[in-house]
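Undergrad: Numbering (this note's numbering), first residue to last: 3 to 375.
All residues carry an ideal CB built from backbone N, CA and C; glycine is no exception.
Here the structure is a predicted model, which means the values were calculated and not measured.
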């Protein structure tokens, strides 16, 4: 048996390969105590079973994320399925029954840096798309922005950012699905929107953390979704660069795409705790949520985060800072790492395909919200 994580977004440490189960540990984000994302390859003899144990699961960032969790697995890195796991409050145990000589195992289906670059290259072939490099990350990677539509004539400006937390790969699967639908000439909803709306899309807010195999932080150990009030090029250039562009062009609707470790549902969190939250904010939020429920059986409003008290919002969080700065609707969209318990999938759980479908379903709530701006 051989285990390695020496590749893009890889993360695991072998503690004891001779024990049964094999003892593994997830590596912490650089300069941080956050950890939960894992991604590694196991090689062995096809037909054999390999019991594995992640010994430090109980002290991870979100230990409740292991409850009723199933491990993502793939032989070809394209088609992912789930393996049952057991969590006892300290460790996560699961067994791999090998059908082929090697298998990839991950916290969620990875979205590789190469796939990210392929997505940018594919999108910029469309004449309606402008690809712009806003600057560099701490590790020297490009911070890329896709502008879709005519910024000079557009009546509305919609921002979508994803993967501030790099381990939340479902966010970039969502963006891929959104771009595929937005640039589909046969998609009437997309074409109607593009007549008077320009979209500013950042598919990956945290390139360094993504490649390093981090759960939540960038190369410096900064949680980017706590940097929006006062970002810097030294600590959080990703937020600084994107925020500067937002301030330059403005925006009417802001969507920040994420994943939640514990809650097995799709939901949004708004900015109700910001100073100046008013009836207009509430009306836009209700319009969006009502339309999303109508558009997608995968979206719901019964389960989610608690609301902040008036004036008590954490203004370092993107959605709160954006909703206050631009006096408009800003939302955090959360998808599950586990499954959507309202419509569970026994084979794949919540999957890249479901992420992409949810992205196609979001066109209707965007259109309905822009109508009442």
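#1: With a 10 Å radius around its C-beta and 16 neighbouring C-beta atoms as the bar for buried, classify residue 186 as buried or exposed.
#2: Please state the DSSP three-state secondary structure of residue 43.
#3: Among residues of its own chain, excluding the 5 on either side of residue 266, which ones have a beta-carbon nearer than 6 Å to its beta-carbon?
#4: For the beta strand (DSSP E) that contains residue 337, what are its first and last residues?
#5: Looking only at C-alpha atoms, which of 166, 205 and 170 sits nearest to residue 182?
#6: Starting from residue 341, follow its DSSP beta bridges and name the residues at the other end.
#7: Round the Cβ separation of residue 217 and residue 9 to the nearest angstrom and send it over; I've been treating them as touching at under 8 Å.
#8: Counting only runs of 3+ residues fully inside the region 184–250, write out the beta strand (DSSP E) ranges in chain order.
#9: According to DSSP, is residue 158 part of a helix, a strand, or is it coil?
#10: Measuring CA to CA, which of 292, 313, 297 and 84 is closest to residue 304?
#11: Which same chain residues end up closer than 6 Å to residue 132 when comparing Cβ atoms and leaving out the 5 residues on each side of it in sequence?
#12: Give the single residue among 33, 28 and 26 whose Cα lies nearest to the Cα of residue 220.
#13: Could you tell me which residues DSSP puts in a beta bridge with residue 55?
#14: So, does the region 37–46 touch the region 101–113, judging by three or more C-beta pairs under 8 Å?
#15: What first and last residue would you give for the beta strand (DSSP E) that runs through residue 15?
#16: Hey, could you find the ends of the beta strand (DSSP E) residue 137 is sitting in?
#17: Residue range of the alpha helix (DSSP H) that residue 75 falls in?
#18: State yes or no: is the C-beta of residue 68 within less than 7 Å of the C-beta of residue 89?
#19: Would you be able to state if there are at least three C-beta pairs under 8 Å between the region 140–147 and the region 186–198?
#20: Can you give me the Cβ contacts of residue 223 inside the same chain, cut-off strictly under 7 Å, excluding the 5 residues immediately before and after it?
#21: Can we say the region 283–300 touches the region 167–175, given the rule of at least three CB pairs closer than 8 Å?
#22: By DSSP, does residue 297 sit in helix, in strand, or in coil?
#23: Go ahead and pull the three-state DSSP assignment for residue 326.
#24: Give me, in chain order, the residues of the same chain whose beta-carbon lies closer than 6 Å to that of residue 263; leave out the 5 immediate sequence neighbours on both sides.
#25: How would you write the range of the alpha helix (DSSP H) that residue 125 sits in, first residue to last?
#26: Apart from the five residues on each side of it in sequence, which residues of its chain come closer than 6 Å, Cβ to Cβ, to residue 51?
#27: With DSSP collapsed to three states, give me the class of residue 149.
#28: Could you give the DSSP three-state label for residue 289: helix, strand or coil?
#29: Starting from residue 83, trace the beta strand (DSSP E) both ways and give me its first and last residue.
#30: Based on Cα-Cα distance, which residue from 155, 84 and 54 lies nearest to residue 346?
#31: Starting from residue 368 and walking both ways along the alpha helix (DSSP H), at which residues does that stretch end?
TA: Answer, in terms of the structure:
#1: By one-based count along the chain shown, residue 186 stands at place 184. By the neighbour-count rule (16 or more Cβ atoms within 10 Å), residue 186 is not buried but exposed.
#2: Walking along the chain shown from the start, residue 43 turns up at place 41. Annotated three-state conformation of residue 43 is strand, per DSSP.
#3: Here residue 266 is taken as the residue at index 264 of the chain shown, counted from 1. Hits under 6 Å: 338, 340, 341 and 343.
#4: Residue numbering aside, residue 337 sits at position 335 when the chain shown is read from its first letter. Counting along the chain, the beta strand (DSSP E) containing residue 337 begins and ends at 331–338.
#5: As a working mapping, residue 182 is identified with position 180 in the chain shown. If we check each option's Cα against that of residue 182, 205 comes out closest.
#6: Stepping through the chain shown from its first residue, residue 341 is reached at position 339. In DSSP, residue 341 forms no bridge with anything.
#7: By 1-based counting over the chain shown, the position of residue 217 is 215. By 1-based counting over the chain shown, the position of residue 9 is 7. About 17 Å separates the two Cβ atoms, so there is no contact after all.
#8: 199–204
#9: Here residue 158 is taken as the residue at index 156 of the chain shown, counted from 1. Here residue 158 sits in strand by DSSP.
#10: As a first step, residue 304 must be located in the chain shown, where it is residue number 302. Nearest option by C-alpha distance: 292.
#11: Indexing the chain shown from 1 puts residue 132 at position 130. Answer for residue 132: 149, listed in chain order.
#12: For the purposes of this step, residue 220 is taken as the residue at position 218 of the chain shown. Of the candidates 33, 28 and 26, the one whose C-alpha sits nearest the C-alpha of residue 220 is 33.
#13: For the purposes of this step, residue 55 is taken as the residue at position 53 of the chain shown. Answer is 25 and 95.
#14: yes
#15: Reading the chain shown from its first residue, position 13 is the one you call residue 15. Counting along the chain, the beta strand (DSSP E) containing residue 15 begins and ends at 15–18.
#16: In the chain shown, counting from the first residue as 1, residue 137 sits at position 135. Segment 131–138, the beta strand (DSSP E) holding residue 137.
#17: Within the chain shown, numbered from 1, the residue matching residue 75 stands at position 73. No alpha helix (DSSP H) contains residue 75, which is instead part of the beta strand (DSSP E) from 72–76.
#18: For the purposes of this step, residue 68 is identified with residue 66 of the chain shown, where counting begins at 1. For the purposes of this step, residue 89 is identified with residue 87 of the chain shown, where counting begins at 1. Yes, the pair counts as a contact, with Cβ atoms nearer than the cut-off.
#19: no
#20: In the chain shown, the residue the question calls residue 223 occupies position 221. Cβ within range, chain order: 31, 32, 33 and 34.
#21: Touching, no, given that fewer than three Cβ pairs across the two stretches are closer than 8 Å.
#22: Here residue 297 refers to the residue found at position 295 of the chain shown. In the structure shown, residue 297 sits in a helix (DSSP, three-state: H, G or I).
#23: Here residue 326 corresponds to residue number 324 of the chain shown, with the count starting at 1. It is helical.
#24: Within the chain shown, residue 263 is the residue found at index 261, counting from 1. Answer for residue 263: 64, 67 and 339, listed in chain order.
#25: In the chain shown, the residue the question calls residue 125 occupies position 123. It spans 115–125 - the alpha helix (DSSP H) in which residue 125 sits, taken as one unbroken run.
#26: The residue labelled residue 51 in the question sits at position 49 within the chain shown. Hits under 6 Å: 97 and 99.
#27: Looking up residue 149 in the chain shown gives position 147. Three-state DSSP puts residue 149 in a strand.
#28: Here residue 289 is taken as the residue at index 287 of the chain shown, counted from 1. DSSP places residue 289 in helix when its eight states are reduced to three.
#29: The residue you call residue 83 lines up with position 81 of the chain shown. Counting along the chain, the beta strand (DSSP E) containing residue 83 begins and ends at 83–86.
#30: Here residue 346 refers to the residue found at position 344 when the chain shown is read from its first residue. Residue 346 has its Cα closest to that of 84, out of 155, 84 and 54.
#31: Against the chain shown, residue 368 aligns to sequence position 366. Start and end: 365–373.
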